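Note sheet for the following structure.
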Amino acid sequence: MSAAPATLTWFARHELTLAWRELIAMLTGGSRARGVGLAIFVGIGVVVLHLLAYGVVARWAAGGVQSDTQSLVMLTGTGMLFWTVMLSQALEAVTRVYYGRSDLDLILSSPASSRRLFAVRTGAVALTGVAFTGLLASPLINMLALFDGLRWLAAYGVIIAMGAVSTALSVGITMLLFRLVGPRQTRFISQIVAAIIGAGFVIGIQAAAILYYGDFSRFSLFQSQAIVDAAPGIDSPFWLPARAAMGDMQSLLVMLVIGGGALALAIAVSASSYGRLAISAAGLNHIASQRRPSRRTFRQASPRHVLRVKEWRLLQRDPWLLSQTLMQILYLVPPGLLLWMNFGDVAGAFVVAVPVLVMAAGQLAGGLAWLAISGEDAHDLVVTAPVSPRTVLVAKIEAVLIVIAVVMAPLLVLMALSSPRMALVTAFCATLSAGSATAIQLWFRVVARRSMFRRRQVASRAATLCEAFASIMWAGTGALLAAGSWLALAPAMVAVCVVGLARLISPRRR
Amino acid sequence: MTTPALAISSLAKSFDRPVVTDLDLTIKAGEFYALLGPNGAGKTTILRMVAGLLQPDAGGIAIFGTDALRDPVAAKRVTAWVSDEPMVYDRLTPLEYLAFVAGLWQIEGHLAETRANDLVDWLGLRPHANELCGGFSKGMLQKVALAGALVHDPRLIILDEPLTGLDAGSARQVKDVLLGKVRDGVTVIMTTHILEVAERMAERIGVINQGRLIAEGTLAELRSRIGRESSLEDIFLDLVSDAA
Numbered sequence: 001m002s003a004a005p006a007t008l009t010w011f012a013r014h015e016l017t018l019a020w021r022e023l024i025a026m027l028t029g030g031s032r033a034r035g036v037g038l039a040i041f042v043g044i045g046v047v048v049l050h051l052l053a054y055g056v057v058a059r060w061a062a063g064g065v066q067s068d069t070q071s072l073v074m075l076t077g078t079g080m081l082f083w084t085v086m087l088s089q090a091l092e093a094v095t096r097v098y099y100g101r102s103d104l105d106l107i108l109s110s111p112a113s114s115r116r117l118f119a120v121r122t123g124a125v126a127l128t129g130v131a132f133t134g135l136l137a138s139p140l141i142n143m144l145a146l147f148d149g150l151r152w153l154a155a156y157g158v159i160i161a162m163g164a165v166s167t168a169l170s171v172g173i174t175m176l177l178f179r180l181v182g183p184r185q186t187r188f189i190s191q192i193v194a195a196i197i198g199a200g201f202v203i204g205i206q207a208a209a210i211l212y213y214g215d216f217s218r219f220s221l222f223q224s225q226a227i228v229d230a231a232p233g234i235d236s237p238f239w240l241p242a243r244a245a246m247g248d249m250q251s252l253l254v255m256l257v258i259g260g261g262a263l264a265l266a267i268a269v270s271a272s273s274y275g276r277l278a279i280s281a282a283g284l285n286h287i288a289s290q291r292r293p294s295r296r297t298f299r300q301a302s303p304r305h306v307l308r309v310k311e312w313r314l315l316q317r318d319p320w321l322l323s324q325t326l327m328q329i330l331y332l333v334p335p336g337l338l339l340w341m342n343f344g345d346v347a348g349a350f351v352v353a354v355p356v357l358v359m360a361a362g363q364l365a366g367g368l369a370w371l372a373i374s375g376e377d378a379h380d381l382v383v384t385a386p387v388s389p390r391t392v393l394v395a396k397i398e399a400v401l402i403v404i405a406v407v408m409a410p411l412l413v414l415m416a417l418s419s420p421r422m423a424l425v426t427a428f429c430a431t432l433s434a435g436s437a438t439a440i441q442l443w444f445r446v447v448a449r450r451s452m453f454r455r456r457q458v459a460s461r462a463a464t465l466c467e468a469f470a471s472i473m474w475a476g477t478g479a480l481l482a483a484g485s486w487l488a489l490a491p492a493m494v495a496v497c498v499v500g501l502a503r504l505i506s507p508r509r510r
Numbered sequence: 511m512t513t514p515a516l517a518i519s520s521l522a523k524s525f526d527r528p529v530v531t532d533l534d535l536t537i538k539a540g541e542f543y544a545l546l547g548p549n550g551a552g553k554t555t556i557l558r559m560v561a562g563l564l565q566p567d568a569g570g571i572a573i574f575g576t577d578a579l580r581d582p583v584a585a586k587r588v589t590a591w592v593s594d595e596p597m598v599y600d601r602l603t604p605l606e607y608l609a610f611v612a613g614l615w616q617i618e619g620h621l622a623e624t625r626a627n628d629l630v631d632w633l634g635l636r637p638h639a640n641e642l643c644g645g646f647s648k649g650m651l652q653k654v655a656l657a658g659a660l661v662h663d664p665r666l667i668i669l670d671e672p673l674t675g676l677d678a679g680s681a682r683q684v685k686d687v688l689l690g691k692v693r694d695g696v697t698v699i700m701t702t703h704i705l706e707v708a709e710r711m712a713e714r715i716g717v718i719n720q721g722r723l724i725a726e727g728t729l730a731e732l733r734s735r736i737g738r739e740s741s742l743e744d745i746f747l748d749l750v751s752d753a754a
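Residue numbers (the working numbering), protein chains in the order written: chain W, 1 to 510; chain C, 511 to 754.
Dropping the structure here:
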């Protein structure tokens, strides 16, 4: 039986239908063969991730995990890592509930209740966060359940509670920002907050590990005696999530009540103002955003320069780019700190810092290259201009690589002060990593609007996978070069093969 | 004989079916030419091939004597393209957009600035010249796109449904600008579904149906072809139904 129109169930069914169709389109691209291929790939991925998880937890779980302070610290710390990422994603998603347009104009102009729509969309944010984190954590949870009893399956319940709490908090933060700074600044600030929350905890514990233990691993902090000694007593409510994850049903129930209650409260309090705030956010499109005219605007320059400047200007003014790149840049803080801590000491720090920088360069370049090369809003204009396609592409590639160079330069200088050789290795591998990512985006380029940036993976999962894999391999090359090993040639050759494969399967080639 | 602004010969393009078939079309320099046809007739495909946005399967395109397929950059130097969906950067101001276009066409800085400011005034964009285009209405975006097409002083302007979605005032402004350009010797090719516009503005009209040019001439020539005094709308419907 179908639900009555405009009710909560009706909206939920509508949203679910759209989300499902989008997911299927994203995964299969309308091709059954692609769907089958993806299913096989995912199957292999699940097995590999479970094997990796086995390596991580097997020894710990073998003797049975006890509810001692050490285990509780480890579990709570790991849970915090997942939760901060969840909160960061929820904050960005909730902002989109207010600022994303698509069908919002249609629904808000209808007599249907905007409160119900808000409730459904906020619920969807929580559900998406839970599904994503659940998938991410499932190998660890499943392996713990396998080796230390089914009680560990309760961790999925903790993830549900964490998803609800993070969504409720995100709604609260967004509402607070609307009240404090208004719709114009809320999107901007919430992106910064989301990036800082997402990266902040990881960076914080890595920084603490580096400062106190000279070690890059976040787990060394969780295992340290100082932290265990300073931790609250074993009966403290602070350990509620950890105890719930370990199968304590009473703690799990409390967690679920807290999560569900917080989410219900956030929806109940915020739903009434949703329509008004979403409309005020939509109104931003009609508010003039004044820019000070520059004397240099009409300065004579080559088409390449003109194109580069245009790309930089658009990157700088992109309202969503900040959250996409800020986190990647923030992740450069720990290696920077590690370098600073090891200044004058050429010890093993570089083995860790080099690959992180190389990986970051590749990932940043991939995103920016998509925006510059594929995300061309005035495609017709650029194509009909008396500039060769080659010049246009060269200018766009230059625009991307110069941005990467500017971001990387301070860290490379810092590195060069300590070890010029390591700086050279990093610069070399980062250039290859950024170059590979850019080349892959170039071969897989499509005609798209910049606003499609978040869905760029949809255009080609092959490109996304090749880009990520090439970056990882160049990072491996950097790490082994930093360690002075000739084995560096192995990942380098794999990276070259990945790039070659991308070229071979790219639509441009075909 | 002077070189035609546009000479299309045996042009063909197929997607999953033939869209343009063996098309020959010549447009004189300084002419205002309207290309009419029912939906899906192939008008936009023809114009996109002329503008260099689509590669023809066969045939030739010459713009002021330059082979647009062999030397696209030279052909583009004198051509401007305006589509029905104005493609303007949300995060640039009209003046920044015009500076960008002028840069692509390598217009000298001072001249570009003067022209851009003239166009901004001419099209009534002055109060919004330093605002980001993201908040503009369709009409304003179309004016910015048109200003972009004019800032490099093209000899051939190709417009695909440029009046779609414009209010009466904006449409009048755009029409005045185009007529002014034709008076200055610029060639304009335009597709439109508003037959009154073609009737009042175009010197010659071409009717396309199923990828073929089924009739061409001045309004008087088209009238004489169907043998009675009637509006362009009647002529168009007659021609299209005959061809079907």
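The beta carbon of each residue, even a glycine, is placed where N, CA and C say it ideally should be. As the structure is a computational prediction, the values presented were derived from the model and not from experiment.
- Between the alpha carbons of L480 of chain W and A361 of chain W lies a distance of about 17 Å.
- Cα atoms of G134 of chain W and M559 of chain C: separation of roughly 51 Å, rounded to the nearest angstrom.
- For V592 of chain C against A681 of chain C, the beta-carbon gap comes to about 14 Å, at or over 8 Å, which does not count as contact.
- Y274 of chain W and R445 of chain W do not touch by the CB rule: their CB atoms are close to 38 Å apart, not below 8 Å.
- Judged by beta-carbon spacing, G198 of chain W lies within the 8 Å limit of S88 of chain W, meaning their Cβ atoms are closer than that value.
- Ranked by Cα distance from A430 of chain W, the options W:G204, W:R461, W:L442, W:V407 are led by W:V407.
- Between A612 of chain C and R308 of chain W, the alpha-carbon positions lie close to 14 Å from each other.
- For R299 of chain W, the closest Cβ of chain C is nearer than 8 Å.
- For A226 of chain W, the nearest beta carbon of chain C is not closer than 8 Å to its own beta carbon.
- The beta carbon of V698 of chain C lies closer than 6 Å to those of F542, I667, L688, V692 in the same chain, with the five residues before and after it left out.
- At least one C-beta of chain C is nearer than 8 Å to the C-beta of L381 of chain W.
- By the Cβ test, the region 552 to 567 of chain C is not in contact with the region 614 to 633 of chain C, since fewer than three Cβ pairs between them sit closer than 8 Å.
- Any Cβ of chain C closer than 8 Å to the Cβ of L314 of chain W would place that residue at the interface, and such an atom is present.
- Per DSSP, reduced to three states, the secondary structure at N640 of chain C is coil, with no helix or strand assignment.
- When C-beta distances to chain W are compared with 7 Å, the residues of the region 552 to 582 of chain C below that value are A561, G562, L563, in chain order.
- In the three-state DSSP reduction, Y543 of chain C falls in the strand class (E or B).
- Straight through space, the alpha carbons of V94 of chain W and A161 of chain W are spaced by roughly 17 Å.
- Within a 10 Å sphere around the beta-carbon of R187 of chain W sit 16 or more other beta-carbons, which makes this residue buried.
- Rounded to whole angstroms, the gap between the alpha carbons of A626 of chain C and T531 of chain C is 39 Å.
- Under the 10 Å beta carbon count, S302 of chain W is surrounded by fewer than 16 other beta carbons and is classified as exposed.
- The beta carbons of F350 of chain W and S419 of chain W sit about 7 Å from each other, so the pair counts as a contact at 8 Å.
- Within the region 352 to 363 of chain W, no residue has its Cβ closer than 8 Å to any Cβ of chain C.
- By the CB criterion at 8 Å, F222 of chain W and V73 of chain W fall inside the cutoff.
- Straight across, the Cα-Cα distance linking E671 of chain C with L642 of chain C is about 24 Å.
- At a beta-carbon threshold of 8 Å, the residues of chain C lying near T384 of chain W are A561, G562, L563, K586, T589, A590, W591, ordered along the chain.
- A Cβ of chain C is located within less than 8 Å of the beta carbon of A378 of chain W.
- It is roughly 42 Å from the alpha-carbon of L723 of chain C to the alpha-carbon of R503 of chain W.
- Apart from the 5 residues on each side of it in sequence, S270 of chain W sits with its Cβ closer than 6 Å to the Cβ of V171, M175 in its chain, given in chain order.
- In the displayed model, A725 of chain C falls within a strand according to three-state DSSP.
- Sequence-distant partners of L705 of chain C (beyond 5 residues in either direction) whose C-beta falls short of 8 Å from its own C-beta, in its chain, are L546, S741, L742, E743, F746.
- Here the C-alpha atom of M255 of chain W lies approximately 8 Å from the C-alpha atom of A244 of chain W.
- With a cutoff of 8 Å on beta-carbon distance, G569 of chain C and A522 of chain C are scored as near each other.
- With a beta-carbon spacing of about 4 Å, A539 of chain C and A515 of chain C fall inside the 8 Å limit used to define contacts.
- Residues of chain C whose Cβ lies closer than 8 Å to the Cβ of R291 of chain W are, in chain order, T603, E606, N640, E641, L642.
- Linking L49 of chain W to T391 of chain W through their CA atoms gives a straight-line distance of about 43 Å.
- In the three-state reduction of the DSSP assignment, G233 of chain W falls in the coil class, being assigned neither a helical nor a strand state.
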